[in-house]
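Working notes for the structure below.
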Amino acid sequence: MNKKTIKRLLRIVFIIASISSLYFVPWVLVKAWILPLPDTVQEQLEEGISHGFDGMIVYVDQAGKPPEFYAAGWHDRKNKIPAYPQALFKIASITKLYIAVATTKLVKEGRLSLDKTLAEYFPELARRIENSDKITLRMMVQHRSGIPNFVDHPDYWIKPPKNRKETLEYALGLPADFEPDEDYGYSNTNYMLIEDLIDKTLGYSHQQYIKEEILIPLGLKHTFGSLSEVNIDDVMSGYYVGVDKDFKTENTGLMLATAEDVGIFLRALNDGSVFNKGEQEIYSSIYVYEHTGLLPGYQSIAKYYKDIDTVVIQFNNTTNFDGYDWNLAEIIYSRIVKIVRRKKSA
Numbered sequence: 001m002n003k004k005t006i007k008r009l010l011r012i013v014f015i016i017a018s019i020s021s022l023y024f025v026p027w028v029l030v031k032a033w034i035l036p037l038p039d040t041v042q043e044q045l046e047e048g049i050s051h052g053f054d055g056m057i058v059y060v061d062q063a064g065k066p067p068e069f070y071a072a073g074w075h076d077r078k079n080k081i082p083a084y085p086q087a088l089f090k091i092a093s094i095t096k097l098y099i100a101v102a103t104t105k106l107v108k109e110g111r112l113s114l115d116k117t118l119a120e121y122f123p124e125l126a127r128r129i130e131n132s133d134k135i136t137l138r139m140m141v142q143h144r145s146g147i148p149n150f151v152d153h154p155d156y157w158i159k160p161p162k163n164r165k166e167t168l169e170y171a172l173g174l175p176a177d178f179e180p181d182e183d184y185g186y187s188n189t190n191y192m193l194i195e196d197l198i199d200k201t202l203g204y205s206h207q208q209y210i211k212e213e214i215l216i217p218l219g220l221k222h223t224f225g226s227l228s229e230v231n232i233d234d235v236m237s238g239y240y241v242g243v244d245k246d247f248k249t250e251n252t253g254l255m256l257a258t259a260e261d262v263g264i265f266l267r268a269l270n271d272g273s274v275f276n277k278g279e280q281e282i283y284s285s286i287y288v289y290e291h292t293g294l295l296p297g298y299q300s301i302a303k304y305y306k307d308i309d310t311v312v313i314q315f316n317n318t319t320n321f322d323g324y325d326w327n328l329a330e331i332i333y334s335r336i337v338k339i340v341r342r343k344k345s346a
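Going by this note's numbering, the first residue of the sequence shown is number 1, and it counts up by one from there.
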């Protein structure tokens, strides 16, 4: 076989491979990305619903302007209740921002030390968590502890834990993901332990401390520590693709809030008004100023944009961990930010 024939065959193989690869392209993401940018946030939300989300809520707070509220799709698909901006939503890991602020306040008060080890705080767990004598509270806040994430346990989704103790069991006794402070590894186990530590230190719940030290001072009356504190009808329904179930009744132990309350908190976090003297310096050394959240049925994004002095919160109540729903939500969010920027510069 001569060189000319070989080149021709390689060219054919390349063309076939390229055509075949198109089958695996997530066209829903391509479509969402290349569509002309709508004129308004509301139109973008309606477009998001057309991509397969059941319901969406967006809150926009631009400094110097009244806050803007948007909603599209369903609050409750079964009962045909339209989505509305004041609904409560399971904010999932956005809760970590509140926990990090609470930790900061307790450190400033001298009730917690960022350099004290896990073994010192929880001697009863020392033998069940690898490197517990080297892992500090600082590393746990920063996700640099190496403690395995309980959701990564192979049985977590097959046999979901029934309570907090069972949830923690999925992480105990497992080998460390890495040596303490040698890497970064996002782990929900870190924050479950921090919550327990705050409870242990205070002698009462971290939810109550957050309410007293963060929510009440900021005037946040629509943020709650758990599902047991709210009227279930006020909670936006949550759906998982292919599963005929409303996930709003699942008690995750994480916080619920309206988009507006999250937005007010996020602005206070970024402008420093959530902190007392000396606290912001501590917080800045240990955690971030924005977050996302993901639970079955619930996706959330909360970010502040300093260059336009604007907070944008997005909630959507349809998830699919094996699909492209998260990426799609991020594309929609980025387009909403572009619309806000365009309006500001007009």
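Heads up, the beta-carbon is just placed ideally off N, CA and C, and yes, glycines get one too. As the structure is a computational prediction, the values presented were derived from the model and not from experiment.
Beta-carbon proximity list for residue i, same chain, < 7 angstroms, skipping 5 on both sides
i	result
Arg267	Asp61, Tyr304, Val311
Gly253	Arg164, Ser226
His115	The question names His, yet the displayed sequence has Asp at residue 115. These residues qualify, in order along the chain: Thr136, Arg138.
Leu218	Ile264, Phe265, Ala268, Val274
Thr318	Gly52, Phe53, Asp54, Tyr239, Val241, Asp325
Candidates the options: closest to residue i by CA position
i	options	result
Leu45	Ile313, Tyr324, Leu218	Ile313
Asn316	Lys248, Lys162, Val274	Lys248
Tyr289	Phe53, Val274, Arg335	Val274
Ser284	Arg128, Arg138, Ala63, Gly55	Arg138
Ser226	Ile216, Glu130, Pro180, Gln207	Gln207
Met192	Thr258, Asn149, Gly55, Ala329	Asn149
Tyr333	Pro36, Val58, Lys80	Val58
His348	Lys344, Ala100, Ile331, Ile339	This structure cannot settle anything about residue 348, because the visible part of the chain is limited to 1 through 346.
Glu182	Leu215, Gly110, Asn131	Asn131
Ser345	Thr318, Phe321, Asp309	Asp309
Whole-angstrom distance between residue j and residue i, CA atom to CA atom
i	j	result
Ser21	Leu29	Model confidence at Ser21 stands at a pLDDT of 42, short of 50, so the residue's coordinates are unreliable; what they give is reported in the following sentence. Rounded to the nearest angstrom, the two C-alpha atoms are 16 angstroms apart.
Ala63	Lys134	44 angstroms
Arg164	Tyr240	23 angstroms
Ser300	Arg341	20 angstroms
Ile336	Pro38	9 angstroms
Asp246	Asn231	15 angstroms
Phe53	Ser237	12 angstroms
Pro161	Asp307	43 angstroms
Arg286	Ile34	Note on identity: in this sequence residue 286 is Ile, with Arg being the wrong assignment. Each residue's Cα considered, the two are about 38 angstroms apart.
Gly55	Tyr324	16 angstroms
Ala302	Asn190	21 angstroms
Ala32	Trp326	13 angstroms
Arg127	Ala119	8 angstroms
Glu179	Pro85	44 angstroms
Asn79	Ala259	22 angstroms
Arg77	Lys338	29 angstroms
Glu124	Ile99	23 angstroms
Phe321	Glu166	23 angstroms
Asp199	Gly110	15 angstroms
Lys343	Pro36	16 angstroms
Leu295	Phe224	17 angstroms
Thr117	Gly297	36 angstroms
Lys65	Ser205	37 angstroms
CB contact flag (residue i, residue j, <8 angstroms)
i	j	result
Thr40	Leu112	no
Ile158	Gly293	no
Lys96	His291	yes
His143	Gly185	yes
His75	Pro67	no
Ile210	Ala102	yes
Val243	Ile194	no
Asp271	Leu220	no
Gly203	Ala176	no
Asp234	Ala87	yes
Cβ-based neighbour list, residue i, same chain, cut-off 8 angstroms, excluding 5 preceding and 5 following
i	result
Lys108	Asn276, Gly278, Glu279, Ile282
Asn251	Ser226, Leu227, Ser228
Asn188	Ser93, Asn149, Phe150, Val151
Asp155	Tyr170
Close-in-space but distant-in-sequence residues of the same chain around residue i (CB under 6 angstroms, 5 per side omitted)
i	result
Glu213	Lys105
Glu47	none
Gln42	Tyr70
Leu174	Pro148
Tyr23	Confidence at Tyr23 is low in this model, with a pLDDT of 44, below 50, so the placement of that residue is unreliable and no value is reported for it.
Expected contact under 8 angstroms - CB spacing of residue i and residue j to nearest Å
i	j	result
Leu256	Phe89	6 angstroms
Ile49	Gly73	4 angstroms
Leu197	Tyr121	5 angstroms
Ile216	Leu172	The pair is not a contact, with the Cβ atoms about 35 angstroms apart (cut-off 8 angstroms).
Any non-hydrogen atom of the ligand MG closer than 7 angstroms to residue i Cβ
i	result
Lys306	In the structure shown, the ligand MG is absent, as is every other ligand, since no ligand is present at all.
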